[in-house]
């Protein structure tokens with residue numbers, strides 16, 4: 001087992017909130033010994049070991065210390081207690097284009113920004129065309145950056161950041177900025193990094209993304225690690241924490257003895273590799289785990305695809321399933337070829353009672369795939385299969 | 396697969412170590428930004444020394460006649476080095492605060508920010524010296540002798556001292572924002588306490604006349620004085636000259652180079668100690684930069 005890429009031990013970060021603090025030498029002389037401050041621990045006893053190639057989702061309510069943790073790990077802030085050790089080059093997508101100078105051209109800024117992020121001039125020269133192509137800024141690369149639109153600015157910043165060939169990528173809510181196609185590009189790039197074996201630490205409020213992208217989820221609350229492990233459970237735990245859990249209406253007690261959707265995985269059926277987004281014409285597989293309390297009646301699983309404006313496009317139902325003795329079953333839907341109709345599609349999965357059609361539990365994934373076909377309408381021809389996946393019994 | 400191990404460790408280290416390439420890139424940026432929209436470009440960097448030369452020539456060659464022949468050469472020899480120190484330090488002071496956006500968000504060696512100001516001023520110094528030497532070739536060939544080598548240690552000392560002051564000022568300015576203003580005032584007083592527009596021997600003679608010659612040591616302990624005087628000896632060359640009215644004027648301490656080397660040595664020691672203090676202070680304070688900004 002290789003040494004972890006990121007290892008934080010007992011990390012705490014204290015901020016002092018100064019009520020009255022000298023900010024100049026003059027005040028310092030007049031005010032001395034009158035300073036009062038309040039302590040605020042943004043992080044407390046955080047132990048985190050992240051191995052090479054892991055993708056970890058870092059989630060938590062606002063103010064829980066996520067961004068502070070990223071800054072401490074990336075060496076921007078020094079921890080008050082504990083130690084942080086990082087191996088490899090870090091690229092953080094915290095602030096895209098930080099350090100751009102409006103007076104300089106895009107080309108000059110690429111060199112400057114790459115140098116700040118740790119690239120040598122020769123490396124930058126090697127990646128230059130690729131960076132510009134990725135940012136889709138070929139015609140504008142010799143214009144001053146101050147004339148760029150905010151989208152162009154962010155694209156260029158992102159292009160540089162992802163081309164520094166990082167060992168570790170820190171992503172903080174970049175998906176909140178930029179338009180749809182940019183967000184998709186971000187996700188595609190993240191997928192590419194995963195395949196390359198890059199370690200990714202991913203902060204997001206889009207909980208749907210966590211099970212799709214991450215192999216591990218860490219929940220922070222008030223600066224402490226509340227959960228570290230299964231990403232689905234992490235998302236679930238945060239939903240409970242935020243009071244937006246799926247079990248809101250029925251209450252936790254009722255929910256627990258009903259069948260549930262435990263985990264959902266989207267992947268490419270050919271390679272088996274996890275994939276967040278699909279395009280028209282591609283094959284898609286959705287596999288998900290269902291847990292049911294022992295002795296439950298058979299359940300059915302439904303997958304529904306909705307198009308723009310939440311219009312249902314097609315629905316697939318599985319045959320009734322008989323969960324194993326441990327109450328778990330895994331179902332796989334495979335779509336041979338996604339339709340080529342223009343749009344962004346969401347999908348939802350649900351566990352239902354096949355006899356009464358009561359939905360026990362459902363989960364919705366927005367923007368699961370994008371079709372780039374040129375037709376707005378067309379005949380939908382979807383070939384799909386469902387199968388209950390034989391589970392290898394562990395232990 | 397990303398290979399881990401020593402290569403990764405090296406890349407991690409490279410993100411916090413001073414990298415010359417980054418420093419060069421920042422200096423290049425400053426130069427580009429400064430001269431982007433000006434037709435005269437670099438010629439502007441000569442305007443400031445020439446303006447000072449004109450004003451001081453008028454004041455000291457006419458109003459307060461000091462009788463120093465070739466006053467322009469004596470003044471420029473010291474002023475160019477002073478101006479390097481002055482503009483680099485003032486410029487560096489605001490760099491950490493001025494790049495708050497970068498400091499708060501990106502991991503990179505912060506030391507390069509003030510050092511880039513030193514580099515920027517250094518490029519100007521080189522160009523100004525080049526033009527100055529072209530002038531000397533035509534008008535003052537005396538400058539080209541063995542004594543010119545004194546300029547090398549003088550430059551080394553002034554660069555070290557400037558780096559030290561830049562590191563100190565830029566890091567302290569994050570915590571105490573009035574450092575910048577205090578420094579501006581201090582530099583003005585400093586300029587007049589350094590023998591740039593008047594010969595150092597005038598100070599020595601005045602102190603001796605008042606029976607305070609022992610104080611001359613303290614006057615010379617200012618590293619900039621040692622640097623400026625050495626540069627004057629290197630370029631102006633002649634300690635004793637005859638003015639146009641036949642008066643014999645002593646501009647620089649006579650004798651060999653002992654006086655100059657001795658004070659340059661003191662200045663070098665002071666600068667080296669200050670550089671260590673500056674680096675230590677900067678490294679100590681930089682942990683809090685992201686919070687203070």
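Protein chains in written order, with this note's numbering: chain A, 1 to 395; chain B, 396 to 688.
Glycine included, each C-beta is placed from N, C-alpha and C at the ideal position.
Report the neighbours of residue i on chain A: residues whose CB is nearer than 7 Å to its CB, in chain order.
{"i": "residue 672/B", "result": "Within chain A, no residue comes near residue 672/B; the closest Cβ sits about 18 Å away, beyond 7 Å."}
{"i": "residue 692/B", "result": "Absent from the structure is residue 692/B, since the part of chain B shown begins at 396 and ends at 688."}
{"i": "residue 431/B", "result": "103"}
{"i": "residue 584/B", "result": "The premise fails here: residue 584/B is roughly 17 Å from chain A at the closest Cβ pair, so nothing lies under 7 Å."}
{"i": "residue 577/B", "result": "25"}
Between the C-alpha atoms of residue i and residue j, what's the straight-line distance to the nearest angstrom?
{"i": "residue 633/B", "j": "residue 163/A", "result": "59 Å"}
{"i": "residue 23/A", "j": "residue 683/B", "result": "14 Å"}
{"i": "residue 635/B", "j": "residue 468/B", "result": "14 Å"}
{"i": "residue 332/A", "j": "residue 213/A", "result": "18 Å"}
{"i": "residue 38/A", "j": "residue 686/B", "result": "15 Å"}
{"i": "residue 197/A", "j": "residue 319/A", "result": "38 Å"}
{"i": "residue 496/B", "j": "residue 6/A", "result": "25 Å"}
{"i": "residue 514/B", "j": "residue 64/A", "result": "42 Å"}
{"i": "residue 299/A", "j": "residue 349/A", "result": "13 Å"}
{"i": "residue 489/B", "j": "residue 578/B", "result": "11 Å"}
{"i": "residue 396/A", "j": "residue 444/B", "result": "Missing from the structure shown is residue 396/A; chain A here goes from 1 to 395 and no further."}
{"i": "residue 644/B", "j": "residue 630/B", "result": "17 Å"}
{"i": "residue 455/B", "j": "residue 449/B", "result": "10 Å"}
{"i": "residue 68/A", "j": "residue 572/B", "result": "25 Å"}
{"i": "residue 191/A", "j": "residue 169/A", "result": "12 Å"}
{"i": "residue 132/A", "j": "residue 141/A", "result": "7 Å"}
{"i": "residue 539/B", "j": "residue 600/B", "result": "29 Å"}
{"i": "residue 676/B", "j": "residue 415/B", "result": "21 Å"}
{"i": "residue 237/A", "j": "residue 121/A", "result": "46 Å"}
{"i": "residue 508/B", "j": "residue 568/B", "result": "13 Å"}
{"i": "residue 487/B", "j": "residue 79/A", "result": "27 Å"}
{"i": "residue 52/A", "j": "residue 520/B", "result": "48 Å"}
{"i": "residue 70/A", "j": "residue 89/A", "result": "14 Å"}
{"i": "residue 652/B", "j": "residue 161/A", "result": "55 Å"}
Is it buried or exposed for residue i, if we count other Cβ within 10 angstroms and need 16 for buried?
{"i": "residue 612/B", "result": "exposed"}
{"i": "residue 97/A", "result": "buried"}
{"i": "residue 596/B", "result": "buried"}
{"i": "residue 157/A", "result": "buried"}
{"i": "residue 666/B", "result": "buried"}
{"i": "residue 91/A", "result": "buried"}
{"i": "residue 491/B", "result": "buried"}
{"i": "residue 669/B", "result": "buried"}
{"i": "residue 559/B", "result": "buried"}
{"i": "residue 108/A", "result": "buried"}
Using a Cβ-Cβ cut-off of 7 Å, state whether residue i counts as contacting chain C.
{"i": "residue 29/A", "result": "Annotation note: the requested chain C is absent from the structure, which comprises protein chains A and B."}
Under 9 Å Cβ-Cβ, which residues of chain B neighbour residue i?
{"i": "residue 273/A", "result": "What residue 273/A touches in chain B: nothing, since even the nearest Cβ is about 15 Å away."}
{"i": "residue 55/A", "result": "Near residue 55/A there are no residues of chain B at all, since even the closest Cβ is about 13 Å away, more than 9 Å."}
So which residues on chain A does residue i lean against when the C-beta distance must stay under 8 Å?
{"i": "residue 502/B", "result": "74, 75, 76, 90 and 92"}
{"i": "residue 573/B", "result": "24, 25 and 26"}
{"i": "residue 428/B", "result": "101, 103 and 104"}
{"i": "residue 424/B", "result": "101, 104, 108 and 112"}
{"i": "residue 680/B", "result": "Per Cβ cutoff of 8 Å: no residues; residue 680/B is ~11 Å from chain A at best."}
Return yes when at least one heavy atom of the ligand SAH lies under 6 Å from the C-beta of residue i, else no.
{"i": "residue 154/A", "result": "Ligands are entirely absent from the displayed structure, and the ligand SAH is therefore not among its contents."}
In chain B, which residues lie with their C-beta within 8 Å of the C-beta of residue i?
{"i": "residue 236/A", "result": "Neighbours of residue 236/A on chain B: none; closest Cβ ~31 Å, over 8 Å."}
{"i": "residue 15/A", "result": "686"}
Under 9 Å between beta-carbons, which chain A residues line up against residue i? List them in chain order, please.
{"i": "residue 599/B", "result": "Going along chain A, no residue has its Cβ under 9 Å from residue 599/B, so there is no contact; the nearest lies around 34 Å."}
{"i": "residue 505/B", "result": "Correct list: empty, because the minimum Cβ distance to chain A is about 10 Å."}
Since residue i meets chain B, which of its residues come closer than 7 Å, beta carbon to beta carbon?
{"i": "residue 126/A", "result": "Those do not exist, as residue 126/A stays about 14 Å from chain B at its closest Cβ, beyond 7 Å."}
{"i": "residue 121/A", "result": "416"}
> Is the region 12 to 29 of chain A close to the region 38 to 54 of chain A, with three or more CB pairs under 8 Å?
Replying inline: Yes, the region 12 to 29 of chain A touches the region 38 to 54 of chain A.
> So, do the region 136 to 149 of chain A and the region 93 to 110 of chain A have three or more beta carbon pairs nearer to each other than 8 Å?
Replying inline: Segments in contact, yes.
> Taking only runs of the beta strand (DSSP E) that begin and end inside the region 221 to 300 of chain A, which ones reach a length of at least 3 residues, in chain order?
Replying inline: Every beta strand (DSSP E) of 3 residues or more that sits fully in the region 221 to 300 of chain A is shown, in chain order, as 224 to 229, 260 to 267 and 284 to 291.
>> Runs of 4 residues minimum, wholly inside the region 614 to 685 of chain B: which ones carry the alpha helix (DSSP H) assignment?
In response: You should have 618 to 630 and 653 to 681.
> What runs of the alpha helix (DSSP H), each 4 residues or longer, lie entirely inside the region 67 to 120 of chain A?
Replying inline: Whole alpha helix (DSSP H) segments, 4+ residues: 106 to 116.
> Can we say the region 427 to 441 of chain B touches the region 606 to 624 of chain B, given the rule of at least three CB pairs closer than 8 Å?
Replying inline: In short, these stretches do not touch, since the Cβ pair count stays below three.
> Which runs of the alpha helix (DSSP H) spanning at least 4 residues fall entirely within the region 19 to 65 of chain A, listed in chain order?
Replying inline: Taking only runs of at least 4 residues, the alpha helix (DSSP H) segments lying wholly in the region 19 to 65 of chain A are 25 to 31.
>> Within 8 Å, do at least three Cβ pairs link the region 648 to 663 of chain B to the region 549 to 563 of chain B?
In response: Using a Cβ-Cβ distance cut-off of 8 Å, the region 549 to 563 of chain B and the region 648 to 663 of chain B are in contact, since at least three pairs of beta carbons, one from each stretch, lie closer than that value.
> At which residue ranges does the region 465 to 546 of chain B contain complete alpha helix (DSSP H) runs of 4 or more residues, listed in the order of the chain?
Replying inline: Taking only runs of at least 4 residues, the alpha helix (DSSP H) segments lying wholly in the region 465 to 546 of chain B are 466 to 488, 490 to 493, 495 to 500 and 507 to 534.
> If you pair each beta-carbon of the region 579 to 595 of chain B with each one of the region 498 to 515 of chain B, do three or more pairs fall below 8 Å?
Replying inline: Judged by Cβ distances under 8 Å, the region 579 to 595 of chain B makes no contact with the region 498 to 515 of chain B, as fewer than three pairs qualify.
>> What ranges does the alpha helix (DSSP H) occupy inside the region 157 to 214 of chain A, keeping only unbroken runs of at least 4 residues that lie completely in it?
In response: The alpha helix (DSSP H) runs lying completely inside the region 157 to 214 of chain A and spanning 4 residues or more are 180 to 196 and 209 to 213, given in chain order.
> Just checking, does the region 458 to 472 of chain B make contact with the region 504 to 513 of chain B on the three C-beta pairs under 8 Å criterion?
Replying inline: Under the Cβ criterion (8 Å, minimum of three pairs), the region 458 to 472 of chain B does not count as touching the region 504 to 513 of chain B.
> Is the region 321 to 336 of chain A in contact with the region 276 to 284 of chain A, if contact means three or more CB pairs nearer than 8 Å?
Replying inline: Touching, yes.
> Enumerated in chain order, which unbroken segments of the alpha helix (DSSP H) with a length of 4 residues or greater are wholly contained in the region 117 to 142 of chain A?
Replying inline: Qualifying alpha helix (DSSP H) stretches, in chain order: 121 to 135.
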